[in-house]
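Down below is the structure, laid out as structure tokens.
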Amino acid sequence: MRIATWNVNSIRARVDRVVDWLVREDIDVLAMQEIKCKPAQFPLEAFTAAGYEVEIHGLNQWNGVAIASRLPMSEVTHEFSGMPGFAKKPPVPLDPTAPGTDAEGYPLEARALGATIDGLRLYSLYVPNGRGLDDPHWHYKLAWLDALRADTERWLAADPDLPLALMGDWNVAPFDADMGDPSFTVGSSTHVSPEERAAFHAFEAAGLTDVVRPLVPEGYTFWDYTQLRFPRNEGMRIDFILGSRGFADLVTDASIHRDERKGDGPSDHVPVVVDVALEGEDDDMPMIFG
2 MRIATWNVNS IRARVDRVVD WLVREDIDVL AMQEIKCKPA QFPLEAFTAA
52 GYEVEIHGLN QWNGVAIASR LPMSEVTHEF SGMPGFAKKP PVPLDPTAPG
102 TDAEGYPLEA RALGATIDGL RLYSLYVPNG RGLDDPHWHY KLAWLDALRA
152 DTERWLAADP DLPLALMGDW NVAPFDADMG DPSFTVGSST HVSPEERAAF
202 HAFEAAGLTD VVRPLVPEGY TFWDYTQLRF PRNEGMRIDF ILGSRGFADL
252 VTDASIHRDE RKGDGPSDHV PVVVDVALEG EDDDMPMIFG
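Numbering (the working numbering) for the sequence shown: 2 to 291.
Below is the structure:
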């Protein structure tokens, strides 16, 4: 099975590129982030014609996550327990009993989507950006990551052999080599602050590991559109697939598809792919073309 994650930065603007890549690279499951649309606005027909079903969690023109799969999806969830909400101007008074709010009454954003596919528990995640170390969004980011880490510990405590993968745009460059954008300063900018890096590394203690880095030790996954960042290769490695032991043991190969940052109308992120070997998997499963 080929599994990928990609922050597509507006699926309606890039549907043709995404579906063409899915078919060309023989991808079975794609976790998407920043789809920037509601479910009714998602260009579903192109995916259906290519043989994919899609689960979508989007609330407006911001954020949004989706999973496209050639295999059936079950146990679909649109958040994780304890996931905090955020609003620059929260409703007053806050109402924690209102639908789509956290325990304090802040609105939940469309940043997490989970599904079980052929025995694998997969999540598409769009971690909050943080914006700046003096911004409330930064504290929201840390709380969001901490809640996800706590849930991860609970999931693996209940089932230590669970093949779990948390995939997506983590908005953290965990090592100095992962940050090549000169506008970011290690230690004093978001994405590279000690607190964000500690929050990312806490997932290792929770039982997850970066399943791509051992196979692809170098390479960025994001380049800003401005200041010729891509031609200068001034990027960041912020898109990751973190897997449990039960998932990591299945991984046979991995790749970062840098060429998808080229050409007309690319996303500022590129796909990250892993190949996993499932028992009884048929490598000759036919593709479906529209």
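Backbone N, C-alpha and C define an ideal beta-carbon position, used for all residues, glycine too.
Start and end residues, beta strand (DSSP E) containing residue i
i      : result
Ile12  : Per DSSP, Ile12 belongs to no beta strand (DSSP E); it is in the alpha helix (DSSP H), 12-25.
Arg233 : Per DSSP, Arg233 belongs to no beta strand (DSSP E) and is neither H nor E.
Asp179 : Taken as a continuous stretch (DSSP letters only), Asp179 belongs to no beta strand (DSSP E), as it is neither H nor E.
Asn8   : 3-8
Val1   : In this structure the chain extends from 2 to 291, so residue 1 is not present and cannot be described.
Residue i versus the options, residue with shortest Cα-Cα distance
i      : options                        : result
Glu110 : Asn130, Arg122, Val93, Ala278  : Asn130
Ile57  : Ala50, Glu196, Leu31           : Leu31
Glu105 : Ser125, Ala116, Met84, Arg112  : Met84
Ser245 : Val277, Phe176, Asp162, Asp225 : Asp162
Gly266 : Tyr226, Leu279, Asp27          : Tyr226
Gln62  : Thr49, Ile36, Gly52, Phe48     : Ile36
Asp189 : His270, Thr153, Asp136, Leu216 : The sequence given here places Ser at residue 189; Asp does not occur at that position. Closest option to Ser189, Cα to Cα, is Asp136.
Arg13  : Arg25, Asp29, Glu26, Phe48     : Phe48
Leu243 : Phe176, His270, Leu123, Ser184 : Leu123
Ala41  : Gly59, Tyr53, Glu26            : Gly59
Gly115 : His138, Pro164, Val9           : Pro164
Ala88  : Ala113, Ala159, His140         : His140
Trp156 : Phe81, Arg15, Tyr53, Val9      : Phe81
Leu251 : Pro232, Arg112, Val277, Leu209 : Val277
Pro108 : Trp171, Pro92, Lys142, Thr253  : Pro92
Asp177 : Val24, Thr186, Tyr53, Arg71    : Thr186
Pro73  : Ala67, Glu54, Gly86, Asn64     : Glu54
Ala199 : Ala99, Ala50, Pro175           : Pro175
Met180 : Gly208, Ala159, Asn234, Trp145 : Asn234
Met168 : Glu280, Leu134, Arg112         : Arg112
Asp103 : Ser11, Gly86, Ile118, Gly208   : Gly86
Asp260 : Met2, Phe231, Thr253, Asp254   : Phe231
Asn10  : Lys90, Glu280, Arg262          : Arg262
Leu121 : Arg132, Met2, Ala255           : Met2
Trp171 : Val193, Asp182, Asp160, Val20  : Val193
Ala67  : Trp22, Lys39, Pro94, Lys90     : Lys39
His258 : Glu280, Gln228, Thr78, Trp224  : Trp224
Thr78  : Thr253, Ile118, Ala207         : Ile118
Thr191 : Leu143, Asn8, Thr210, Ala166   : Leu143
Gly65  : Gly52, Ser75, Phe43            : Phe43
Ala158 : Ile4, Leu209, Asp147           : Leu209
Identity of the residues DSSP links to residue i by a beta bridge
i      : result
Phe241 : Gly169
His258 : DSSP, once it has assigned bridges, lists no residue as partnering His258.
Pro108 : Thr102
Leu121 : Ile118
Ile28  : Answer is none; Ile28 lacks a bridge partner.
Leu126 : Ala113, Gly169
Val217 : Answer is none; Val217 lacks a bridge partner.
Supposed contact pair residue j and residue i - C-beta distance, whole angstroms, cut 8 Å
i      : j      : result
Phe204 : Arg150 : 6 Å
Pro218 : Thr6   : In fact, because the Cβ distance is near 18 Å, the residues do not count as touching under 8 Å.
Val213 : Val275 : 6 Å
Enclosing alpha helix (DSSP H) for residue i [first to last residue]
i      : result
Arg155 : 137-159
Ala249 : 246-249
List, from N- to C-terminal side, the beta strand (DSSP E) runs of 3 residues or more that fit wholly inside the region 40-101. List check, beta strand (DSSP E) in window: 54-58, 66-70, 75-78.
Write down every uninterrupted run of the beta strand (DSSP E) in the region 183-213 whose length is 3 residues or greater and which is fully enclosed by it, in chain order. Listed in chain order, the beta strand (DSSP E) runs fully inside the region 183-213 are 209-211, counting runs of at least 3 residues.
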